[in-house]
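Chains as they are written, first to last, in this note's numbering: chain V, 27 to 282; chain B, 64 to 293; chain P, 137 to 783.
Data first, discussion second: the structure below is written as structure tokens.
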Amino acid sequence: MSDTNTMTLNLKIWRQASTKDKGQIVDYVLEGVSPDMSFLEMIDMLNEQLVAKNDDPIAFDHDCREGICGMCSLMINGQAHGPEKATTTCQLHMRSFKDGDTIAIEPWRARAFPVLKDLMVDRSAFDKIIEAGGFVNVNTGNAQDANSILIPKENADLAMDAAACIGCGACVASCKNASAMLFVSAKISQLALLPQGEVEADQRALSMVEKMDELGFGNCTNEAECEASCPKDISISNIARMNRGFLKAAVSAKTK
Amino acid sequence: MSSSTQSFSRSYFLSSVVKKQIMAVTGLLLCGFLLGHLAGNLLIIISPDAFNQYGHALVSNKPLLYTAEAGLIVLFLVHLCMAAKLTVENNTARPQKYYIKQKTGRGATFASSTMPYTGLIILIFLITHLNSFKYGTIYMTTIDGVEMRDLYRTVMEFFAQPLGAAWYAFAMIAMAIHVSHGFWSAFQSFGFSHSKYTPLLRKAGIAYAILVGAGFTALALYGYIQGVQA
Amino acid sequence: MSSETKQPKKLDGKVPEGDIRTKWENYKFDMKLVNPSNKRKFKVIVVGTGLAGASASATLSELGYEVEAFCISDSPRRAHSIAAQGGINAAKNYPNDGDSVWRLFYDTVKGGDFRAREANVYRLAQVSNNIIDQCAAQGVPFAREYGGTLSNRSFGGAQVSRTFYARGQTGQQLLLGAYSALMKESSKGKVKIHTRSEMVELVMVNGKARGIITRNIVTGEFTKHSADAVLLCTGGYGNVFFLSTNAMNSNGSAAWKAYKKGAYFANPCYTQIHPTCIPVHGESQSKLTLMSESLRNDGRVWVPKKEGDKRPPHEIPDEERDYYLERVYPSFGNLAPRDVSSRQAKYRVDEGKGVGKTGVAVYLDFRDAIKRDGLEAIKDRYGNLFDMYQRITDENPYEVPMRIYPAVHYTMGGLWVDYNLMTGIPGCFALGEANFSDHGANRLGASALMQGLADGYFVIPYTLGNYFVTAKPNEEKVTTDHPEFEKALADAKGRFSKLLGIGGKRSVDSFHKALGQIMWEYVGMSRTEAGLKTAIKEIQALRKEFWKDVRVTGSDAGINVELEKANRVADFIELGELMARDALTRQESCGGHFRDEMQTPDGEALRDDEKFCHAAAWEWNGDDAEPIRNIEELSFENVHLATRSYK
Numbered sequence: 027m028s029d030t031n032t033m034t035l036n037l038k039i040w041r042q043a044s045t046k047d048k049g050q051i052v053d054y055v056l057e058g059v060s061p062d063m064s065f066l067e068m069i070d071m072l073n074e075q076l077v078a079k080n081d082d083p084i085a086f087d088h089d090c091r092e093g094i095c096g097m098c099s100l101m102i103n104g105q106a107h108g109p110e111k112a113t114t115t116c117q118l119h120m121r122s123f124k125d126g127d128t129i130a131i132e133p134w135r136a137r138a139f140p141v142l143k144d145l146m147v148d149r150s151a152f153d154k155i156i157e158a159g160g161f162v163n164v165n166t167g168n169a170q171d172a173n174s175i176l177i178p179k180e181n182a183d184l185a186m187d188a189a190a191c192i193g194c195g196a197c198v199a200s201c202k203n204a205s206a207m208l209f210v211s212a213k214i215s216q217l218a219l220l221p222q223g224e225v226e227a228d229q230r231a232l233s234m235v236e237k238m239d240e241l242g243f244g245n246c247t248n249e250a251e252c253e254a255s256c257p258k259d260i261s262i263s264n265i266a267r268m269n270r271g272f273l274k275a276a277v278s279a280k281t282k
Numbered sequence: 064m065s066s067s068t069q070s071f072s073r074s075y076f077l078s079s080v081v082k083k084q085i086m087a088v089t090g091l092l093l094c095g096f097l098l099g100h101l102a103g104n105l106l107i108i109i110s111p112d113a114f115n116q117y118g119h120a121l122v123s124n125k126p127l128l129y130t131a132e133a134g135l136i137v138l139f140l141v142h143l144c145m146a147a148k149l150t151v152e153n154n155t156a157r158p159q160k161y162y163i164k165q166k167t168g169r170g171a172t173f174a175s176s177t178m179p180y181t182g183l184i185i186l187i188f189l190i191t192h193l194n195s196f197k198y199g200t201i202y203m204t205t206i207d208g209v210e211m212r213d214l215y216r217t218v219m220e221f222f223a224q225p226l227g228a229a230w231y232a233f234a235m236i237a238m239a240i241h242v243s244h245g246f247w248s249a250f251q252s253f254g255f256s257h258s259k260y261t262p263l264l265r266k267a268g269i270a271y272a273i274l275v276g277a278g279f280t281a282l283a284l285y286g287y288i289q290g291v292q293a
Numbered sequence: 137m138s139s140e141t142k143q144p145k146k147l148d149g150k151v152p153e154g155d156i157r158t159k160w161e162n163y164k165f166d167m168k169l170v171n172p173s174n175k176r177k178f179k180v181i182v183v184g185t186g187l188a189g190a191s192a193s194a195t196l197s198e199l200g201y202e203v204e205a206f207c208i209s210d211s212p213r214r215a216h217s218i219a220a221q222g223g224i225n226a227a228k229n230y231p232n233d234g235d236s237v238w239r240l241f242y243d244t245v246k247g248g249d250f251r252a253r254e255a256n257v258y259r260l261a262q263v264s265n266n267i268i269d270q271c272a273a274q275g276v277p278f279a280r281e282y283g284g285t286l287s288n289r290s291f292g293g294a295q296v297s298r299t300f301y302a303r304g305q306t307g308q309q310l311l312l313g314a315y316s317a318l319m320k321e322s323s324k325g326k327v328k329i330h331t332r333s334e335m336v337e338l339v340m341v342n343g344k345a346r347g348i349i350t351r352n353i354v355t356g357e358f359t360k361h362s363a364d365a366v367l368l369c370t371g372g373y374g375n376v377f378f379l380s381t382n383a384m385n386s387n388g389s390a391a392w393k394a395y396k397k398g399a400y401f402a403n404p405c406y407t408q409i410h411p412t413c414i415p416v417h418g419e420s421q422s423k424l425t426l427m428s429e430s431l432r433n434d435g436r437v438w439v440p441k442k443e444g445d446k447r448p449p450h451e452i453p454d455e456e457r458d459y460y461l462e463r464v465y466p467s468f469g470n471l472a473p474r475d476v477s478s479r480q481a482k483y484r485v486d487e488g489k490g491v492g493k494t495g496v497a498v499y500l501d502f503r504d505a506i507k508r509d510g511l512e513a514i515k516d517r518y519g520n521l522f523d524m525y526q527r528i529t530d531e532n533p534y535e536v537p538m539r540i541y542p543a544v545h546y547t548m549g550g551l552w553v554d555y556n557l558m559t560g561i562p563g564c565f566a567l568g569e570a571n572f573s574d575h576g577a578n579r580l581g582a583s584a585l586m587q588g589l590a591d592g593y594f595v596i597p598y599t600l601g602n603y604f605v606t607a608k609p610n611e612e613k614v615t616t617d618h619p620e621f622e623k624a625l626a627d628a629k630g631r632f633s634k635l636l637g638i639g640g641k642r643s644v645d646s647f648h649k650a651l652g653q654i655m656w657e658y659v660g661m662s663r664t665e666a667g668l669k670t671a672i673k674e675i676q677a678l679r680k681e682f683w684k685d686v687r688v689t690g691s692d693a694g695i696n697v698e699l700e701k702a703n704r705v706a707d708f709i710e711l712g713e714l715m716a717r718d719a720l721t722r723q724e725s726c727g728g729h730f731r732d733e734m735q736t737p738d739g740e741a742l743r744d745d746e747k748f749c750h751a752a753a754w755e756w757n758g759d760d761a762e763p764i765r766n767i768e769e770l771s772f773e774n775v776h777l778a779t780r781s782y783k
């Protein structure tokens, strides 16, 4: 690699020892950053230097580093997953920045996503929402031949659009109200669009929304920052679909 | 999931979805009122008598008047209280704010991110508005032998003051901004969304905002110019 | 010490008798059943919640067992099964193009270069159809035709279209399906899910697996968990190479703990190296990204004929380009199988003909395809892949040829299991990529998802019940107060404090990278006796240095990423040595294992069916003693041994 085009960056990174700790922004200067590095490799590099100085490296969530597991997060200069459209932090490359830039890196912030350490947050609230009904109640072995239920291609495609959600939480992080509507509606939509999930659509909409509210996410104000920050381009038309599904469920649900 | 048989009322009326739908339905009805109000007010430009007769007709039918007023008050209070509740809840959903927060430029608009502020301006305006007109100076006039309030004169006197006209116009622009997001947003909250008509709804929202914004502002301007000429 | 006393064994795969076509059906009937009301009395620990783990947890819970599932991530949905792109095979024969269970079985055995257990592969092919049905019922949005039926495509050079897919995210959708089934059971309180929990020890009581010790990644707390059976669904160990397409947290530690408690590690040298990955950009590279091999349908692979030719690709005229796959394999050309294409790319780079800044890449050129079919057609076929390439490399593949290079992708080796998926330890089972059973020496495209789900949804629910009834683990009440649990807990804690106490100078990553370099150099795409011996020596030295000079910052309380990594890298180092040892003793070339000494005159893999038609199942024999090489003979009664040829 040539060293001619490496960058020096001023990093402002949120450090917080544990959930209880107050936390603060700490400044770091990082030299020799190659534009070919991914954003997370840049943090790896900083961490390697911190370890060399016997300092505590910065904790952050990451796993697949190919934009599909939904583990990586990071508010980069106030934007979820950084400035590029439809890109996860792990797929963001340092060529999106220039020499001398100041980059602020913070964890997702929401009451429902408490910080565990540094840039790592607890997103188990999303699991709890799925647990409230983000599934089809079918046990292994009950399935009929997959082609015995025909599904219009358009519906299958729309369901797939919604199912592409990686559960990273960027929607919550970027929403000024820390609302989880995009995440919740993507699952409700996916299953409501398919005949297999339609059977339980009413109860699912009621239960998942109830759980979402209970967990302390904010309300939707239809600003679409979630859609704009979503690394998988999940559309807010899913929120509309959930809203009407919920309305229908509320007036027709077969509960006592 | 099936085991949690929440009662209809609990799961429904307390949910974030319905809070938005309540905002939507009250907001849309208020939009309707606004349109009617604008149509009536435009009579000012046609003639003072037409405007006064319209005003007189409205207040003459007491049962209708009180029902309409009560309805409006309820709509407005529900919209306002729900907005306050949502704003507080949304604030508590993120107790610790970001060190830096930047918009993507692909989602939120100026209108969408200032809803609570434009809403607040409208609230203050509404109070001053009722104070200046409904409960303002009462002049009487007689048209075709019928004695009635000369609301035209009250209005024109108000608009003749530069500050009065300016405040009115400012508030109406805030109103236009508010409804430019609110109109489309209401449909989204009810789940009207389709790649075919959603763009149209968005445009309709903007058109509506321009219509009411420009309409009311035009009245203020008309009143001011009339005042200057007099 | 005990190496004199232990002799290599011949392992019994416990394959039931009878015709291969009815074996599984008959066996299902022959196996003992657990009475429905007794099922809740059995507790099962499932380690890992990817395709295999999530599907097994959900299904066992549905049957009534008490299940506890563990994953290292913040949610079961993060497992690396999620990254599989291409699809999942099934013998549905919906396209009416001549597919059948038998053909899928045949292709898989042959694709695995005759090093898989026939009976397992047949069973896999049989249940493949149930998997598609099950996933569709869960709401997995498979691609569909306009008429509403499922779409199929041909994948990985298969001659029939048997691959089902959900855009380029099939793994994601299948995992989310299994995850949703798991959450369904969790909502009923029947599965308890422990997230951010890492298994650090397997607990054995009286020769049976009876529990695990976990370390909570957030609090650093160690916990004892007892059960009647332990299922390891912990994926592969490709991260031994440091750079691979595996996720950063994928590791081999759980399997390695089982190995050290007596489970056999089978065929560790079988590594799949995928030819179409985005090449390494520099020292700071942390992982590699795979691009679908479908690109080779239209792209032409080449390098300059001249060594060290630094001209930009468009300035190199056709006569100075070496389209080497077309040259060496005139009939298969650019579609030569994964192992073959990977090796050829390595040869070109070794000859000094590699391209790009680093010189460790070859071109995959779409110039001619664009000229032939038009830009739009190519965009339509590969648009998303081209975008991904551009995002990572900042080069426009419509204008300049892609640079690609092989990368470690999948490990066919793993814990040895019998037909019941039980490892060498009674009560300890291994599912999915963690076991060795179904892919032989080479895995075909779109088969990994199939195997993970087959094991979890349709195999273990039957065989585990049989184990419970026949081995009766529940008759011996074992709680976490048992001394074996205390001992395992002390061992685990001791290991972590030892790592923290070394106080050396080198970071964990620097050891991991050093290991990766040794592995890639000597235990990579082509292996030699001398190289493997060097590798073993170097790895042993690295291991010594690691335990002397590794620096693990922080403490064992709370989140300590360095400590987690150190624990895993320590195991990777040992695992790497075993891989080299396995590669050294397997004196033949087969599938993903290529020994330079064993090749045909024209450079193709040369199997030795006389001496090596078996699985090597290594048995731990103490930290400093050589492990024992047990074998399981493989017999091919239904698909006859033959040589693969792609000329």
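We put the beta carbon where it would ideally sit given N, CA and C, even for glycine.
Start and end residues, alpha helix (DSSP H) containing residue i
i: Tyr258 (chain P); result: Glu254 to Gln274
i: Ala234 (chain B); result: Pro225 to Phe253
i: Trp40 (chain V); result: No alpha helix (DSSP H) contains Trp40 (chain V), which is instead part of the beta strand (DSSP E) from Met33 to Arg41.
Cutoff 6 angstroms; reference residue i; Cβ partners in own chain excluding five residues on either side
i: Ser67 (chain B); result: Its pLDDT being 44, under 50, Ser67 (chain B) is placed unreliably in this model, and the coordinates cannot settle the point.
i: Phe65 (chain V); result: Thr115 and Leu118
i: Ile414 (chain P); result: Thr425 and Ile528
Terminal residues of the beta strand (DSSP E) in which residue i lies
i: Cys413 (chain P); result: Thr407 to Cys413
i: Arg765 (chain P); result: Ile764 to Glu769
i: Gly58 (chain V); result: Gln50 to Val59
i: Asn352 (chain P); result: Lys344 to Asn352
Beta-carbon proximity check, residue i vs residue j, cutoff 9 angstroms
i: Phe123 (chain V); j: Leu35 (chain V); result: yes
i: Leu338 (chain P); j: Ala390 (chain P); result: yes
i: Ser15 (chain V); j: Cys194 (chain V); result: For residue 15 (chain V) there is no data in the structure shown, the boundaries of chain V being 27 and 282.
i: Lys274 (chain V); j: Asp228 (chain V); result: yes
i: Leu310 (chain P); j: Leu187 (chain P); result: yes
i: Thr166 (chain V); j: Pro597 (chain P); result: yes
i: Gln308 (chain P); j: Ala302 (chain P); result: yes
Which residues DSSP lists as bridging residue i, in chain order
i: Thr299 (chain P); result: P:Asn225 and P:Arg289
i: Trp754 (chain P); result: P:Phe401 and P:Arg765
i: Gly550 (chain P); result: P:Ala402
i: Trp438 (chain P); result: P:Tyr499
Residues of its chain near residue i, where Cβ-Cβ distance is below 7 angstroms and the 5 sequence neighbours each way are ignored
i: Lys629 (chain P); result: Phe358
i: Ser65 (chain B); result: Low local confidence applies: a pLDDT of 41 at Ser65 (chain B) is under 50, so the model's placement there is unreliable, and no value is given.
Own chain, CB closer than 8 angstroms to residue i, minus 5 neighbours either side, in chain order
i: Phe730 (chain P); result: Asp475, Arg479, Met661, Ser662, Arg663 and Ala741
i: Asp127 (chain V); result: Met33, Leu35 and Asn36
The ligand MG heavy atom lying under 8 angstroms from the CB of residue i
i: Ile184 (chain B); result: Ligands in the displayed structure: none, and consequently the ligand MG is not present.
Which ranges would you report for the beta strand (DSSP E) in the region 141-195 of chain V if only whole runs of at least 3 residues count? 141-143
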